[in-house]
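For the sequence shown, UniProt numbering begins at 1 and goes up steadily by one.
See below for the structure under consideration.
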Amino acid sequence: MHNLSPPTSGRARVAVIGAGPAGLMAAEVLAQQGADIDVDVYDAMPSAGRKFLLAGVGGMNITHSEPQPDFLPRYGNRREQLAPFIRRFDSDRLRAWIHALGIDTFIGSSGRVFPLEMKAAPLLRAWLHRLRESGVRFHMRHRWLGWNEDGSLRLSAPGGEISAQADAVVLALGGGSWPRLGSDGAWAPLLQQKQVEVAPLQPSNCGFDLAWSEHFRERFAGEPVKPVVASAALPSGGMHNRRGEFIVTADGIEGSLVYALSASLRDAIAADGQAHLYLDLLPDWTLEKVQAELAHPRGARSMSSHLQSRLHLKGVKAGLLREFVSKEDFADTAKLARAIKALPLAPTRPRPIEEAISSAGGVSFEALDDALMLRALPGVFCAGEMLDWEAPTGGYLLTACFATGHAAGTGVLHWLSNREQQEEPLT
1 MHNLSPPTSG RARVAVIGAG PAGLMAAEVL AQQGADIDVD VYDAMPSAGR
51 KFLLAGVGGM NITHSEPQPD FLPRYGNRRE QLAPFIRRFD SDRLRAWIHA
101 LGIDTFIGSS GRVFPLEMKA APLLRAWLHR LRESGVRFHM RHRWLGWNED
151 GSLRLSAPGG EISAQADAVV LALGGGSWPR LGSDGAWAPL LQQKQVEVAP
201 LQPSNCGFDL AWSEHFRERF AGEPVKPVVA SAALPSGGMH NRRGEFIVTA
251 DGIEGSLVYA LSASLRDAIA ADGQAHLYLD LLPDWTLEKV QAELAHPRGA
301 RSMSSHLQSR LHLKGVKAGL LREFVSKEDF ADTAKLARAI KALPLAPTRP
351 RPIEEAISSA GGVSFEALDD ALMLRALPGV FCAGEMLDWE APTGGYLLTA
401 CFATGHAAGT GVLHWLSNRE QQEEPLT
């Protein structure tokens, strides 16, 4: 084992572990506002921002334009903990920061904010260039392994294990989704060994397994179901209703509408062993209108033909009715109408965390102070998806990663400044 070169005399050294949005933002704050700070970024991957680039493949949704009274509730039961950080680095400030990189943005019809080119790569290239120009040093293929007995960082590097001294550390190691891109959750036991409270990592914004019949699976796997309104019970009571679309898979369901309800469904399965998801297959029709159309005489036509003729229900939607409505209820127009407006599905379990867009769980906010420093490890700060929060897609995930990264970097600056003042000799 060998040590990295010592920091420049008289300068503090900060190690940022993780080169995703949260870690890079912390590094930027430190490099631009810390005149006497050397910043080293370490990441296990060969290049920075791997998951960030993947998130931009279908169109880089960077944040959302909705006002904060609507924005903050997207973070569920962690809105109060995240609110101070997001207010200090909100979507407007985030857009201004992107513009300063030379990247224009626009607001889509849904209120989501995108780079003008809809790509993540130009933004990341410009950002990394600015960071390097600011003096940030990058160490790729360096996996964090914890701490040595003397408090130095243990790192697995291409040439073997090394140690690195740091006056402060920012951990921005991501959650547990997409492990092939670096977010594998391997950091959790390292912190738990230091008596840091870590909530178990769980899939978020994920698909769910559902027991299809072989006939339905073979005929409809891969088919989109749209438009529908889906409803799931909230843990706090009431129902979460959302309009949109989803995809039938060979094993269950996935897609934006399912992701939006995934936290409620996952928690219901964990608490009760089951979840109930209700689909309104004709969201623009009232129950009374559906009943009236079904009551029309159908003569010699089959009920399937009647559904297509009177209600325009066919394909996968008609297949869903056949899958979950008994033969007796299918022949009863009143019961069939109610099923069309509230078809019950029973997801059995969330898909594995490796397939999820993001993860829930992580470092508990109760283990952190108001500057995101670990109470059990002074000088060690946490940011990004490794914190215990979750949010739907739509720009909310990245916004919180940027905001907590900014907060962690700012926290390090204040902590180093206070430490220096405490170490000054009395005159």
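Beta carbons: idealized from backbone N, C-alpha and C, even for Gly.
Residue-chain proximity (residue i, chain B), Cβ-Cβ < 7 Å
i    : result
S364 : Annotation note: the requested chain B is absent from the structure, which comprises a single protein chain.
Best match in the options for proximity to residue i [C-alpha to C-alpha]
i    : options                   : result
H276 : I247, L343, D284 and D329 : L343
C382 : F365, S91, P392 and E149  : F365
S262 : E80, P283 and I353        : I353
P347 : R266, A331, H142 and L416 : R266
R87  : F208, T404 and R419       : T404
P158 : V316, R143, R78 and A232  : R143
P283 : I340, G273, D272 and S256 : I340
E223 : S183, G379 and V316       : V316
S231 : V248, V258 and P115       : V258
S177 : A260, R310, R351 and G379 : R351
E214 : V363, P297, G273 and L320 : L320
L287 : L336, A260 and H306       : L336
A166 : A15, K327, L374 and I269  : A15
Euclidean distance between Cα positions of residue i and residue j
i           : j    : result
W187        : L173 : 7 Å
L377        : T410 : 17 Å
G238        : F220 : 32 Å
A48         : G20  : 7 Å
E355        : L387 : 19 Å
R130        : D370 : 29 Å
L171        : F216 : 46 Å
residue 434 : K314 : The structure shown does not extend to residue 434, since the chain spans only 1 to 427, so no value can be given for it.
W97         : A26  : 14 Å
Q193        : Y278 : 43 Å
E80         : H312 : 45 Å
A367        : Q195 : 9 Å
R338        : L281 : 10 Å
N418        : R13  : 15 Å
E161        : G151 : 15 Å
V228        : A400 : 29 Å
C206        : R322 : 26 Å
G146        : Q202 : 23 Å
F89         : S304 : 54 Å
M1          : P200 : Because M1 carries a pLDDT of 38, less than 50, the predicted location of this residue cannot be relied on, and the following value inherits that uncertainty. Distance between the alpha carbons of M1 and P200 is about 32 Å.
L345        : Q274 : 10 Å
P6          : G59  : Confidence in P6 is poor, its pLDDT being 45 and thus under 50, which makes the residue's placement unreliable; the coordinate value appears in the next sentence. Computed Cα separation, rounded: 42 Å.
S91         : A331 : 52 Å
I17         : R375 : 18 Å
S302        : A83  : 56 Å
L24         : Q68  : 24 Å
K327        : I247 : 25 Å
Cut-off 7 Å between Cβ atoms - residues of its own chain near residue i, not counting five sequence neighbours on either side
i    : result
R112 : N61, H64, G394 and G395
G397 : Strictly speaking, residue 397 in this sequence is Leu, with Gly absent from that position. Only S358 and A391 meet the Cβ criterion.
Q33  : L413
L128 : A48
Identity of the residues DSSP links to residue i by a beta bridge
i    : result
I37  : A12
F246 : V225
P203 : S359
S231 : N241 and Y278
D43  : M140
L345 : L277
E254 : I247
A168 : V14
C382 : L171
Close beta carbons around residue i, own chain, < 8 Å, minus the five adjacent residues each side
i           : result
R137        : D38, V39, D40 and V41
L181        : M45, R50, K51 and L54
residue 447 : Any answer about residue 447 is impossible in this case: the structure gives the chain only from 1 up to 427.
L234        : H240 and S264
T333        : Q291, L294 and A295
H99         : T105
E218        : none
Short Cβ contact (7 Å threshold) for residue i with residue j
i           : j    : result
V198        : L190 : no
D70         : M140 : no
F402        : L72  : no
residue 506 : E245 : This structure cannot settle anything about residue 506, because the visible part of the chain is limited to 1 through 427.
Y75         : W285 : no
A168        : L153 : no
D251        : R349 : no
E420        : G175 : no
S183        : A360 : no
A126        : G102 : yes
A300        : L307 : no
A260        : R242 : yes
P115        : L124 : no
V29         : H406 : yes
Proximal residues to residue i (C-beta, below 6 Å), its chain only, five neighbours per side dropped
i    : result
A408 : A26, V170, L372, F381 and A383
R11  : D36 and D38
I107 : S65 and V113
G379 : A168
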